[in-house]
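Novice:
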Amino acid sequence: MSENAKSPPLPTGTFMERAVTWSKKNLFDGWFNTILTLGSIAFILWLVPPLVEWGIVNATLAPSIESCKEATGACWGFVNANLRLILFGTYPFDEQWRPLLAMIILMGIICGSLGGVKYAGVRKWIIPMWVIGVPIICILMWGGIFGLTYVQNSYWGGLPLTLILSSIGVIFAFPFGLLLALGRQSNMPAIKTVSVVYIEVIRGVPLITVLFMASVMFPLFLPDGVTIDKLLRAQIGIILFTAAYLAEVFRGGLQAVPRGQFEAGDSLALSYWQSMRLIVLPQALRLVIPPTVNSFISMFKDTTLVVIIGLFDFLGTVKLALRSDPAWTKYYVEGYAFAAAIFFLICFSMAKYSAYLEKELRKGEQR
Amino acid sequence: MSKPQNVPGNVRSKGLVDYLNDENVRAVLYQIVAIGLIILAGWYLVSNTLYNLEQQNISTGYGFLDLEASFEISETMIDYSAKSDYATALLVGLLNTVKVSFLGIVLCTIIGIIFGIARLSSNWIVRKLATVYVETFRNIPVLLQLFFWYALIPGAFPHPRDALEPLPGVLLTSRGMYLPVPMADTAFTMMGIAAVIACVVIYFVKKWAKKRQDATGQPFPMFLAGLGIFVGLVLLAYLAGGAPTDMSMPELKGFNIRGGYNISPEFMAVLIGLTVYTSTYVAEVVRSGIQAVPNGQWEAADSLGIRRTVALRKVILPQSMRVAIPPLTNQYLNLTKNSSLAVAVGYPDLVSVSNTTMNQTGQAIEAISIFMSIYLGLSLLTSLFMNWFNKKMALVER
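Protein chains in written order, with my numbering: chain A, 1 to 367; chain B, 1001 to 1398.
And the structure:
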């Protein structure tokens, strides 16, 4: 806004004249900026053409090692040949339509939930979508009923696994984090202490230590004869970890609700839970939508850590594909670039959307 | 007018239901129930754990720390061999974590400040380049970046036989980077002492300069004077110590390079990955910190006739620091915590060494409790330091 207020009347003249004025102002304003501009152009010329030549011009898509050996550029054939291994991991080959469908449904629910924040028509469907969607995804992934063959979850992998771990992590961490945030705001000293200690301890240690704890210590916690598998343990670790971060996000929202709103609830003789549900939380949660999306993004990136405890998420399957044949091993740049591109697309678009939401949600307050 | 309700005569005796409806009584009850449930759950888990450990014949306790570790660690900052005990091994891991985190924090701050300022540049192309850098590297998982750098370094550099030598004495090979280092000499100890003395002298000169400026208004070129005192004293110590010039140069002997200081590919991968990833967050912190200072502050400085460079240093930066310090602390903590990903590329950090210890001894709970409490301690220390710093920088109001 301040930019608009300051900008001079629209420049006139031919396109060339305007271009010259613009570049004088934005590129060659003084000797220092001129040096910076020339340096930047030199850097771009040094970096971009070889990259384009390597990645597009001289690259090959043919899924064979022979054509990759001949090509002087990138070997996208590695990705092409191993696409299904990279996307779905070791899930039985003939059944891979199931994780694909599950992934599409999950992405649809995530997009729907994000869209529901903006469009009231979709908003009332958010909870039903998850309640119906999650069991469908479970049925698709595990099978065992409706004529679907049973697939052990040690065979799950790839992008569906990454999406499941992060979104289920955030969904289940949501109520837990909310309780922790309320506990931290509580007047009851014991409950407050327990919440603060939990939040601060979890936030003070790296995710990988929580995952190690989940994979090594959880089996010891359980009574004799009861076991839970590695995937579930990692999922629980992720939920416990995310809850502490979400709790701090929610606390920010709760603190932003004016004191008078709590008092208004009291003066209407609403109980604690009634005034939370009807007055405080609707306002607080609205404020924390963008940071919650950001937590989901960082959770989505951090899910890659399950590689370290031996699960094959999307990054894990790329490594698996690289190791699948010694001939492919040297095409790690292509493999990692592909994974990075997918992660980037998902994270970047969600981050942009969250920034947009932040602006939209603030509109009501600006007059 | 109705009769006031709270006259003593109106209070009837309280029944059990009244007590249960009393907010304070309820609060106590809720807390007792909550604590009871937590204790019950804790007791259940502990008893299960003790039973399971007994079944597996694992003895509990930290006694294993005195046992011989019998594994090698590739990078150590203190004396360590396979004959050392587990406690020493864990200390080596901790020092490696501290080393990579400290260097990472210094580097990501420098790079982050450069890109943060570049994103606000009036130069269109510089602004766009900085945006591309920040948006690209913050949206790719840091573990993926570590794997990438770790795969790239051995792949991109030649075997030690045909090492690249970009600067005389600096060798780049698939086994990492080799730097020449001066041979140990008493002169360096003297230089260290001189540096400490210089810092003390600078402290007193600064005190004097501030006193004088407060009294007379005369400024004192503190930066130049401080630099002069520091460099002068250290140089003097070097000359007094006989000006040793012997260097340990990295050289190819047999199949490997000996001498010099080796920076391993693992260390480089972790350092580059953490630095690049965190610097994008630091850049955003710096940018919002600068943007948070109202334009009026620049104009106020202008109207007082303060030069622009001085205004940046004395008016703008102190105010943006105040906004930037809390999120910056968070980023430093994140970097320290993310350094635990070193375990994925085989850099022997705390988690990596603990992991080996855990696998060898089976003392999972003890090993995990050790590294968790060390990370907690590091986090708390950083928070304490930053809180102190924050308080020092905070606006002093009436």
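Glycine residues also receive a C-beta, built at the ideal position from the N, C-alpha and C atoms.
Does any residue of chain A bring its CB to less than 8 Å from the CB of Ala-1324 of chain B?
Specialist: Closer than 8 Å: no.
Novice: Do the CB positions of Leu-1167 of chain B and Pro-1158 of chain B come within less than 8 Å of each other?
Specialist: No, Cβ-Cβ distance for Leu-1167 of chain B and Pro-1158 of chain B is not below 8 Å.
Novice: So with CB distances below 8 Å, who are the chain B contacts of Phe-338 of chain A?
Specialist: Per Cβ cutoff of 8 Å: no residues; Phe-338 of chain A is ~11 Å from chain B at best.
Novice: Taking the Cβ atom as the reference point for each residue, do Ser-195 of chain A and Arg-203 of chain A lie within a distance shorter than 8 Å?
Specialist: Not closer than 8 Å, so no.
Novice: Quick one: complete alpha helix (DSSP H) runs, 4+ long, within the region 308-360 of chain A?
Specialist: Fully enclosed alpha helix (DSSP H) runs of 4 or longer: 314-324.
Novice: Which residue marks the beginning of the alpha helix (DSSP H) containing Pro-128 of chain A, and which one marks its end?
Specialist: Looking at the DSSP string, the run of the alpha helix (DSSP H) that includes Pro-128 of chain A is 126-142.
Novice: Run through the DSSP bridge pairs and tell me what Gly-1176 of chain B is partnered with.
Specialist: BP columns for Gly-1176 of chain B point to B:Thr-1173.
Novice: Grab the span of the alpha helix (DSSP H) containing Leu-1167 of chain B for me, first residue to last.
Specialist: No alpha helix (DSSP H) contains Leu-1167 of chain B, which is instead part of the beta strand (DSSP E) from 1164-1167.
Novice: What does the Cβ neighbour count give for Cys-347 of chain A, buried or exposed, with the cut at 16 atoms within 10 Å?
Specialist: By the neighbour-count rule (16 or more Cβ atoms within 10 Å), Cys-347 of chain A is buried.
Novice: So what's Tyr-956 of chain B in DSSP terms, helix, strand or just coil?
Specialist: In this structure chain B extends from 1001 to 1398, so residue 956 of chain B is not present and cannot be described.
Novice: Going by other Cβ atoms of all chains shown within 10 Å of its Cβ, with 16 needed for buried, is Asn-1024 of chain B buried or exposed?
Specialist: Exposed is the call here.
Novice: Report back the beta-carbon spacing between Leu-1236 of chain B and Ala-1194 of chain B to the nearest angstrom; my notes put them in contact at under 8 Å.
Specialist: So it is a contact: roughly 7 Å between Cβ atoms.
Novice: From Asn-80 of chain A to Glu-334 of chain A, what does the alpha carbon distance come to, in whole angstroms?
Specialist: Those two C-alpha atoms are separated by around 11 Å.
Novice: Tell me where the alpha helix (DSSP H) around Tyr-1044 of chain B begins and ends.
Specialist: That run of the alpha helix (DSSP H) goes 1023-1055.
Novice: Measuring only between beta-carbons, confirm whether Cys-68 of chain A sits less than 8 Å from chain B.
Specialist: Chain B contact via Cβ: absent.
Novice: Grab me the residues of Glu-360 of chain A's own chain with a C-beta within less than 8 Å of its C-beta, minus the 5 sequence neighbours each way, in chain order.
Specialist: Contacts found: Lys-118.
Novice: Label Ser-1402 of chain B either buried or exposed according to how many other C-beta atoms from any shown protein chain fall within 10 Å of its C-beta, with 16 as the threshold for buried.
Specialist: For residue 1402 of chain B there is no data in the structure shown, the boundaries of chain B being 1001 and 1398.
Novice: For Arg-1307 of chain B, name the three-state secondary structure that DSSP assigns.
Specialist: Coil at Arg-1307 of chain B, not helix or strand.
Novice: Using a Cβ-Cβ cutoff of 9 Å, what residues of the region 1338-1353 of chain B are near chain A? List them in chain order.
Specialist: Residues Asn-1338, Ser-1339, Ser-1340, Leu-1341, Val-1343, Ala-1344, Val-1351.
Novice: Compute the Euclidean distance between the alpha carbons of Leu-1378 of chain B and Ala-1300 of chain B, then round it to the nearest angstrom.
Specialist: Rounded to the nearest angstrom, the two C-alpha atoms are 41 Å apart.
Novice: Using alpha carbons as the reference points, say which of B:Asn-1390, B:Gly-1104, B:Arg-1258 lies closest to Pro-1180 of chain B.
Specialist: Among B:Asn-1390, B:Gly-1104, B:Arg-1258, the Cα nearest to that of Pro-1180 of chain B is on B:Arg-1258.
Novice: Look at the Cβ atom of Tyr-245 of chain A, then the Cβ atom of Phe-1148 of chain B, and state whether they are nearer than 8 Å.
Specialist: Contact flag unset, no.
Novice: For the region 1044-1061 of chain B against the region 1355-1368 of chain B, do three or more pairs of beta-carbon atoms, one drawn from each stretch, fall closer than 8 Å, so that the two count as touching?
Specialist: Segments in contact, yes.
Novice: What span of residues does the alpha helix (DSSP H) with Tyr-272 of chain A cover, start to end?
Specialist: Residues 272-275.
Novice: Anyone know if the C-beta pair for Ile-1202 of chain B and Phe-1230 of chain B falls short of 8 Å?
Specialist: Yes, these two residues count as a Cβ contact at 8 Å.
Novice: Residues bridged to Thr-60 of chain A by DSSP?
Specialist: According to DSSP, Thr-60 of chain A bridges with A:Cys-75.
Novice: Please work out which residues of its chain come closer than 7 Å, Cβ to Cβ, to Asn-1355 of chain B, disregarding the five sequence neighbours upstream and downstream, and give them in chain order.
Specialist: Taken in chain order, the residues that qualify are Val-1343.
Novice: For Ile-1257 of chain B, which of helix, strand or coil comes out of DSSP?
Specialist: Reduced to three states, the DSSP call for Ile-1257 of chain B is strand.
Novice: Starting from the C-beta of Gly-112 of chain A, find all residues in its chain whose C-beta is less than 8 Å away, skip the five residues before and the five after it, and write them out in chain order.
Specialist: Val-122, Trp-125, Ile-126, Met-129.
Novice: Taking the DSSP output, what are the residues bridged to Met-1393 of chain B?
Specialist: None; Met-1393 of chain B has no bridge partner.
Novice: Taking all protein chains shown into account, do 16 or more other C-beta atoms lie within 10 angstroms of the C-beta of Leu-1239 of chain B, making it buried, or fewer, making it exposed?
Specialist: Exposed, by the Cβ-count rule.
Novice: Between which two residues does the alpha helix (DSSP H) harbouring Ile-168 of chain A extend?
Specialist: That run of the alpha helix (DSSP H) goes 158-185.
Novice: Give the interface partners of Glu-1135 of chain B over in chain A, defined as CB-CB distance under 7 Å, in chain order.
Specialist: Under the 7 Å cutoff, chain A gives Phe-348.
Novice: Any C-beta of chain B within less than 7 Å: which residues of the region 142-172 of chain A qualify?
Specialist: Listed in sequence order: no entries.
Novice: Does Ala-1027 of chain B have its Cβ less than 8 Å from a Cβ in chain A?
Specialist: Yes - at least one Cβ of chain A is within 8 Å of the one on Ala-1027 of chain B.
Novice: If we define contact as Cβ-Cβ less than 8 Å, is Tyr-332 of chain A a contact residue for chain B?
Specialist: It does; some Cβ of chain B falls within 8 Å.
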